[in-house]
Each structure stands twice: as C-alpha cells, then as structure tokens.
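Protein chains in written order, with my numbering: chain D, 524 to 697; chain U, 524 to 697.
Where a beta carbon is used, it is the ideal one built from N, C-alpha and C, also for glycine.
Owing to the predicted nature of the structure, the values given are computational and were not obtained by experimental measurement.
Presented below is the structure to which this report refers.
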DNA sequence: CCTGGAATGCAATAGTATATCAATGCACCA
DNA sequence: TGGTGCATTGATATACTATTGCATTCCAGG
C-alpha cells in the first residue's frame, strides 16, 4: 500500500498539483481507524467537519467551516455545532488550532501525540507541519532551568512557502 | 546604576514580592528613551496604555485595558483607541501579543529586536520571557530545508510557574 | 424496551478586532 | 507668524470569534 503523503512533518508544502482527493480520503480513513481504536465516535457531523477542513491545505476559520457546513445542509448550522466538532477533533489530534490565525488545519500525524510546529505562508495561506522533537526538548530544558513546567507548546512560523517565495523573487526582478 | 530586572529573557518569573513600582517606571523610562532615539512619538495615550500593561506581569486583554483606561479618564474610551496604541507599542517592541490568550504583555527587552519565547502560567496567569536564539536558529534552518522563509515566530509555552508548581505539589500531598 | 450519558439543535450573548470618517494636534517650512 | 500636510485621536458602527445554557435526539448497554 503506497500512500501519497503530502504533509509528513518534514515541513514540505503540498505541491500545487497533487492528488488532493486521495489526501482527503486518506485523512478520513485514518481518522476512522483511529477513532475506532480509541473507542470514540467519529459521527457524521464530525466527519463532515473534518472533510471540510481537509478541503484544502490552508487553515480555515470556524465561521468558514460554519458557512460551508450550512451550504451542505441547506442553510442551517450554529456556531456551537462547529466548535464542538472542532473540540473533539483537536482532542483526537486530527486537527490543530492555529493560534495566530484563529483557524484550524488538518493534521496528518494524528497517531503520534505530537506537538507540531506550523509553517504558515502569509502569501498563499497554505500551512505545512514540521516535527522537530529536538527543538521542543531544548525549550523544555530551558524552561525547566527557570523552574517552569511546560504542559503545552505553540510554535507557529509565518513567512513564505517555496512557491510564493519564488513568485516574489520574480516580481522583485521586474 | 543598578537596575532591578525581574524579566530578563532568562525565563525567570517576577518574584511575588518585588519592587514593582520600579519595574513600571523602569519600563516607561526605557520606552521613552527608545522612542526618542527612533524619532517616534510616545504620546500620553500610548504611555498610559503601556503603564496599564505593566501594572502587572500577567497578559492583559485589550478590553481589560480599555476598561482601565476608561476608568482613568472618567468613562470614555473606544476599542480602536486601545488597539491603535497596542499596534504602535508592538511595532516598537515594547509589548508582545500573546496569541494563545488574545492578550498583551510588556516586554523588557525592547532594544533588541528579539523574538521572545513566552512562558505562560495557566494557574496564576503570570508570564515570563525566554530568549534562546539557538532554538530559533534551529527552527529557521529546519524550515529552510523545506524551502520556507521564516519572517516571524510565535513560541508560547503554557504550564506552571515555579510558585504555582510548588503550590500544586503541596495540595497534591494533602 | 428503557435508561443514562453522549451528541446535537437552538437561541442568546459574550468577547475580540477592524473599517470608516471626522476632528485635532504637531512638526516643518515658507 | 501662519499655513500645510501628515500623524494621532475621537466617535460610531460593524465584523469576526467563541461560549453559555437548556431542550432534544441518539445510541450503547442492561
């Protein structure tokens, strides 16, 4: 079984032309499996929200999701519906909250209870995930020296993804 | 000139009993000097907001600041007033925005255009700042390998500060 | 069945942030 | 001195983000 993984913790961005449908179905399949294993319920609603989040590789706001959800259902959905689904998905590690954008993005590594570093392109809005344990360990050690006990990390890097950087260069040479 | 520095980039938390007045006046004096040097205007309003932020070592929400500001002025202040002041103070490196709390905290190292790592105590709400260039360099290098150009960092660690950790232990032994 | 907890629906409201335009202040220069 | 132009502040409205509380439905286990 060869699986096309476009976000794998290497910080690689989804190449623009990729088989995105398999991206989505893949994420959903793994979510299904994971929830099964954990004995939690991936309900229709939660699956639907997860699918919406995976509709692209850029973080979506809760109200973006809300709108799309309402569309798919014929015009009715309330904020708590979305926020509750998001809460569940976060608990299961299936999505990350992006603090600096007030938005949510799918996570491709839900199995590991990792703390991801996010790379956020300020130009195209796409996100990629980096996993570097060494960085966290260093931070944790440094915090411990100050007597601080770390419980959760937020690491978000904003900048330009490879594609947008190139575009910018070209424009710059005009 | 010996100056009492309670936040110095070491991640040390302000000891509960410290001369906080000198903390505030110190921060204000340096802000004054810095703005002078840079040829930007630290107006009354901005100074007032900065002082409010420095009224403690825990991040304040914009609307907390707004309320206090209104108090000090006799009942009138609007959100944009506060947000504009905050924007200025951020640009000058005098305050940091805390993304994971939607709040703002004073920065004691405005001279260096550093990207601080914040330690946030979930119990008492106090914040301390860590400055570890190595961590940023590592992240930057890692991102660069993926072709990503980092422009700004958000690193926020939530957990328990030394004091609250001790309290927790004591309670735990009950 | 039927029952108890989880999940969802629904209405209201709380909390955070920005857009827009008018009025004022201040540095600079003629 | 007085004007000119830009930065700053005031004021109103509105957009965007998130939560509370309670009613209803669903569903696994007894």
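Bounding residues of the beta strand (DSSP E) (the contiguous stretch that carries residue 644 of chain D):
Walking along the first chain from the start, residue 644 of chain D turns up at place 121. Residues 640-644.
Worksheet entry | Same chain, Cβ closer than 8 Å to residue 551 of chain D, neighbours up to 5 away in sequence not counted | As a working note, residue 551 of chain D is residue 28 in the first chain. Excluding sequence neighbours, residue 551 of chain D sits near 570, 573, 574 and 577.
Query raised in the report: The beta strand (DSSP E) with residue 621 of chain D in it runs from where to where?
Result: Locating residue 621 of chain D in the first chain gives position 98, where the first residue counts as 1. It spans 618-621 - the beta strand (DSSP E) in which residue 621 of chain D sits, taken as one unbroken run.
Inset, instruction - List the DSSP bridge partners of residue 533 of chain D. - result: On the first chain, residue 533 of chain D is found 10 positions in, with the first residue counted as 1. In the DSSP output, where bridge partners are listed per residue, residue 533 of chain D has D:653.
Review point. Straight-line CA distance for residue 545 of chain D to residue 612 of chain U?
Key: Here residue 545 of chain D refers to the residue found at position 22 of the first chain. Here residue 612 of chain U refers to the residue found at position 89 of the second chain. Going from the Cα of residue 545 of chain D to the Cα of residue 612 of chain U covers about 46 Å.
Note to self: Under 7 Å, Cβ to Cβ, is there at least one residue of chain D near residue 683 of chain U?
What the structure shows: The residue you call residue 683 of chain U lines up with position 160 of the second chain. Yes, residue 683 of chain U counts as interfacial toward chain D.
*In chain U, what lies closer than 7 Å to residue 676 of chain D by C-beta?*
For the purposes of this step, residue 676 of chain D is taken as the residue at position 153 of the first chain. Residues of chain U with a Cβ closer than 7 Å to the Cβ of residue 676 of chain D are, in chain order, 680.
Just checking: is the beta-carbon of residue 669 of chain D within a distance shorter than 7 Å of some beta-carbon in chain U? Within the first chain, numbered from 1, the residue matching residue 669 of chain D stands at position 146. Closer than 7 Å: yes.
Note to self: Closest to residue 642 of chain U by C-alpha separation, out of U:634, U:651 and U:635, would be which residue?
What the structure shows: In the second chain, counting from the first residue as 1, residue 642 of chain U sits at position 119. Nearest of U:634, U:651 and U:635 to residue 642 of chain U, Cα basis: U:651.
By Cβ distance below 8 Å, which residues in the same chain neighbour residue 666 of chain U in space, the five residues on each side in sequence not counted? Indexing the second chain from 1 puts residue 666 of chain U at position 143. Counting only Cβ-Cβ distances below 8 Å, and skipping sequence neighbours, we find 672 and 673.
Requested in this report: Under the assumption that residue 677 of chain D contacts residue 640 of chain U (Cβ atoms under 8 Å), give the Cβ distance between them as a whole number of angstroms.
Outcome: Counting from one through the first chain, the residue named residue 677 of chain D turns up at place 154. Counting from one through the second chain, the residue named residue 640 of chain U turns up at place 117. The beta-carbon separation of residue 677 of chain D and residue 640 of chain U, rounded to 10 Å, does not stay under the 8 Å limit for a contact.
Do we get a CB-CB distance below 7 Å when we pair residue 662 of chain U with the residues of chain D?
-> Here residue 662 of chain U refers to the residue found at position 139 of the second chain. Yes, residue 662 of chain U counts as interfacial toward chain D.
Tell me where the alpha helix (DSSP H) around residue 548 of chain U begins and ends. Taking the second chain and counting its residues from 1, one reaches residue 548 of chain U at position 25. Note, residue 548 of chain U: alpha helix (DSSP H), 543-561.
Q. Checking contacts by CB at 7 Å: is residue 673 of chain D closer than that to chain U?
A. By 1-based counting over the first chain, the position of residue 673 of chain D is 150. True, the Cβ-Cβ gap to chain U drops below 7 Å.
For this session: Please determine, among U:543, U:655 and U:648, the residue with the shortest C-alpha to C-alpha distance to residue 583 of chain U.
Result: Locating residue 583 of chain U in the second chain gives position 60, counting from the first residue. Checked all of U:543, U:655 and U:648; the closest Cα to residue 583 of chain U is U:648.
Check: Of all Cβ atoms in chain U, is any one closer than 7 Å to the Cβ of residue 635 of chain D?
Finding: The residue labelled residue 635 of chain D in the question sits at position 112 within the first chain. Not one chain U Cβ lies under 7 Å of residue 635 of chain D.
For this session: At 8 Å on the CB atoms, spell out the chain D contacts of residue 623 of chain U, in chain order.
Result: Taking the first residue of the second chain as position 1, residue 623 of chain U is located at position 100. Per Cβ cutoff of 8 Å: 622 and 677.
Candidates D:555, D:624 and D:599: which alpha carbon is nearest residue 616 of chain D's?
Translated into positions along the first chain, residue 616 of chain D becomes position 93. Checking every option, the nearest Cα to that of residue 616 of chain D belongs to D:555.
### Message
So, at 7 Å on beta carbons, what are the nonlocal neighbours of residue 698 of chain D in its own chain, with the 5 sequence-adjacent residues on each side left out?
### Response
Residue 698 of chain D is absent from the model: chain D starts at 524 and stops at 697.
So residue 598 of chain U contacts chain D; which residues on that side make the cut at Cβ distance below 9 Å? Position 75 of the second chain, counted from the first residue, corresponds to residue 598 of chain U. Near residue 598 of chain U there are no residues of chain D at all, since even the closest Cβ is about 31 Å away, more than 9 Å.
- Message: Suppose contacts are defined by Cβ-Cβ distances below 7 Å. Is residue 662 of chain U in contact with residue 658 of chain D by that definition?
- Response: One-based indexing of the second chain puts residue 662 of chain U at position 139. One-based indexing of the first chain puts residue 658 of chain D at position 135. Yes, they are a contact pair.
Q) Under 7 Å between C-beta atoms, does residue 534 of chain U make it to chain D? A) Within the second chain, the letter at position 11 stands for residue 534 of chain U. With 7 Å as the cut-off, residue 534 of chain U counts as an interface residue toward chain D.
Strictly under 7 Å for the Cβ-Cβ distance: is residue 538 of chain D near chain U by that measure?
Residue numbering aside, residue 538 of chain D sits at position 15 when the first chain is read from its first letter. Output row for residue 538 of chain D: interface = no.
- So, are the CB atoms of residue 683 of chain U and residue 630 of chain U less than 7 Å apart? Position 160 of the second chain, counted from the start, is the residue given in the question as residue 683 of chain U. Position 107 of the second chain, counted from the start, is the residue given in the question as residue 630 of chain U. No; because the gap between Cβ atoms is not below 7 Å, this pair is not in contact.
Would you say residue 592 of chain U and residue 600 of chain U are within 7 Å of each other, going by their C-beta atoms?
Within the second chain, residue 592 of chain U is the residue found at index 69, counting from 1. Within the second chain, residue 600 of chain U is the residue found at index 77, counting from 1. Yes, these two residues count as a Cβ contact at 7 Å.
Determine whether the beta carbon atoms of residue 670 of chain U and residue 685 of chain D lie at a separation below 7 Å. In the second chain, residue 670 of chain U corresponds to position 147, counting from 1. In the first chain, residue 685 of chain D corresponds to position 162, counting from 1. Going by C-beta atoms, residue 670 of chain U is nearer than 7 Å to residue 685 of chain D.
Can you list, in chain order, the residues of its chain with a C-beta nearer than 8 Å to that of residue 606 of chain U? Leave out the 5 residues immediately preceding and following it. Position 83 of the second chain, counted from the first residue, corresponds to residue 606 of chain U. Only 585 meet the Cβ criterion.
| field | Extent of the continuous beta strand (DSSP E) to which residue 683 of chain U belongs | value | Along the second chain, read from residue 1 onward, the residue named residue 683 of chain U stands at position 160. Residue 683 of chain U -> beta strand (DSSP E) spans 672-683.
Taking 7 Å as the cut-off, decide whether the C-beta atoms of residue 719 of chain D and residue 681 of chain U are in contact.
Since the first residue of chain D shown is 524 and the last is 697, residue 719 of chain D is not available in this structure.
- Query: Where do the N-terminal and C-terminal ends of the beta strand (DSSP E) with residue 626 of chain D fall, by residue?
  - Reply: Within the first chain, numbered from 1, the residue matching residue 626 of chain D stands at position 103. Per DSSP, residue 626 of chain D belongs to the beta strand (DSSP E) from 626-629.
Task: residue 583 of chain D - partner residues in DSSP beta bridges - done: To locate residue 583 of chain D, count along the first chain from 1; it is residue 60. D:627, per the DSSP bridge assignment.
Counting only Cβ pairs nearer than 9 Å, list the residues of chain D close to residue 655 of chain U.
As a first step, residue 655 of chain U is located in the second chain; it is residue number 132 there, counting from the start. What residue 655 of chain U touches in chain D: 661, 662 and 665.
*With a CB to CB cut of under 6 Å and the five nearest residues on each side skipped, what residues in its chain are close to residue 525 of chain D?*
On the first chain, residue 525 of chain D is found 2 positions in, with the first residue counted as 1. Here residue 525 of chain D scores only 45 on pLDDT, less than 50, and its place in the model is too uncertain to base an answer on.
Under 7 Å between C-beta atoms, does residue 630 of chain D make it to chain U? Translated into positions along the first chain, residue 630 of chain D becomes position 107. Not an interface residue.
Would residue 642 of chain D count as contacting chain U if we go by Cβ distances under 7 Å?
The residue given as residue 642 of chain D occupies position 119 in the first chain. Interface residue, yes.
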